[in-house]
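In my numbering, the protein residues as written are 26 to 372.
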């Protein structure tokens, strides 16, 4: 592993730049197929063997629930005033305030999916229903199932719904089309799991649907259709051409061949539960975002040598303009046999 490289040279050379990116003018026509396991389990073992004190960072972060509650209240109040807004004010607020708030709620949902908001699993699950209220759609329970499989089966063909489909790779292969892809990528993230690995509804899915209906009905009673429209636009912006949404691209799209997960070390981590620390998160999914910087600090020789991003806006720009980067720029593997995949499909 890269801990043996000289630390004084790592940070300067590990930051991704245009020079280090693939410079081919030909769009990719297939994924990066590999025959190896995902790298995080191996690195986790190496780090824990050298720094067992990292286990002390495991556990929930009590602040998460308060941040999420504050944003739910804020967005509910703003939506109630939407009927009085002019169209310019409506659009600006839904993008700057709403888009930012809703993406933070998505990331709070992510923390809760890993049971990092409360000690007990059921408390995390119940609270996630509350957190996703302003998103309008009942996303929490479905997201948890698919996201945990993304961790366990990273890049696995026919299982990891975080990886774009072949259709997406073939259609969105020009700068203009990739701009469209980024604009509406939240739609693909919502529909893709239903195509890649469809699941039957369970009782918690029903609870999630009911909680969303109750919240949406309450907001409608409070502010009418304009209130619902404000929340819908906020959700749309939050997963599209928004700086925070760039982490969907920065995390696993191959910007430097040989690496399938990338961290982002920039200022926007401060308002996004440190989701940018993505190598650290995949190595230690039981550590809340608030403590992920400590992982890098303790085991710096394992992370400083890895390619990483310093600007999410730069990530979006490179994704759109670099012909060699697109939906096909993902690592895929086939480590499971047909029977193992079939079991996952019918869970």
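We treat Cβ as the ideally placed atom computed from N, Cα and C, and that holds for glycine.
Taking the CA atoms as reference points, residue 272 sits about 13 Å from residue 135.
Our two residues, residue 349 and residue 285, have alpha carbons roughly 15 Å apart in a direct line. A direct Cα-Cα distance of roughly 43 Å separates residue 182 from residue 249. Residues 130, 155, 156, 158 and 159 of the same chain have their beta carbon placed closer than 8 Å to that of residue 97, with the five preceding and five following residues left out of the count. Of the other Cβ atoms in all chains shown, 16 or more fall within 10 Å of the Cβ of residue 341; this residue is therefore buried. Classified as exposed, residue 283 has fewer than 16 neighbouring CB atoms from the shown chains inside 10 Å of its CB. Residue state for residue 333 is assigned as strand, using DSSP reduced to three classes. Under the DSSP assignment, residue 177 falls in the alpha helix (DSSP H) whose first and last residues are 165 to 177. One alpha carbon belongs to residue 58, the other to residue 67, and they sit about 19 Å apart. In the three-state reduction of the DSSP assignment, residue 78 falls in the helix class, which pools H, G and I. With contacts defined by Cβ atoms closer than 8 Å, residue 252 and residue 107 form a contacting pair. Restricting attention to alpha helix (DSSP H) runs no shorter than 4 residues, the stretch 132 to 163 encloses them at 146 to 156, ordered along the chain. A Cβ-Cβ separation of about 32 Å leaves residue 246 out of contact with residue 218 under the 8 Å criterion. With a contact defined as Cβ atoms closer than 8 Å, residue 228 and residue 170 miss out at about 13 Å. Each residue's CA atom was taken as its position, placing residue 184 and residue 110 some 44 Å apart.
DSSP assignment within the stretch 189 to 254 yields no whole beta strand (DSSP E) run of 3 residues or more.
DSSP places residue 304 inside the alpha helix (DSSP H), whose first and last residues are 303 to 308. Closest option to residue 127, judged by alpha-carbon separation, among 138, 151 and 162: 162. Judged by DSSP in its simplified three-state form, residue 105 adopts helix. Of the residues assessed, residue 138 falls on the buried side of the cut-off, its CB having 16 or more other CB atoms within 10 angstroms. Sequence-distant partners of residue 55 (beyond 5 residues in either direction) whose C-beta falls short of 7 Å from its own C-beta, in its chain, are 353.
Burial check for residue 121: the Cβ neighbour count within 10 Å stays below 16, so the residue is exposed.
Residue 309 and residue 369 have their C-alpha atoms spaced approximately 23 Å apart.
Apart from sequence neighbours up to five positions away, the residues of its chain that approach residue 257 with a beta-carbon distance below 6 Å are 161, ordered along the chain. Rounded to whole angstroms, the gap between the alpha carbons of residue 335 and residue 112 is 34 Å. CA-to-CA, the gap between residue 277 and residue 287 works out to about 6 Å.
Residue 325 sits away from residue 299, with the two beta carbons spaced by 8 Å or more. Membership of residue 320 in the alpha helix (DSSP H) is indicated by the continuous run 317 to 323. A residue is called buried once 16 or more other Cβ atoms fall within 10 Å of its Cβ, and residue 262 is buried on that count.
By alpha-carbon distance to residue 351, the top candidate from 311, 230, 92 and 275 is 275.
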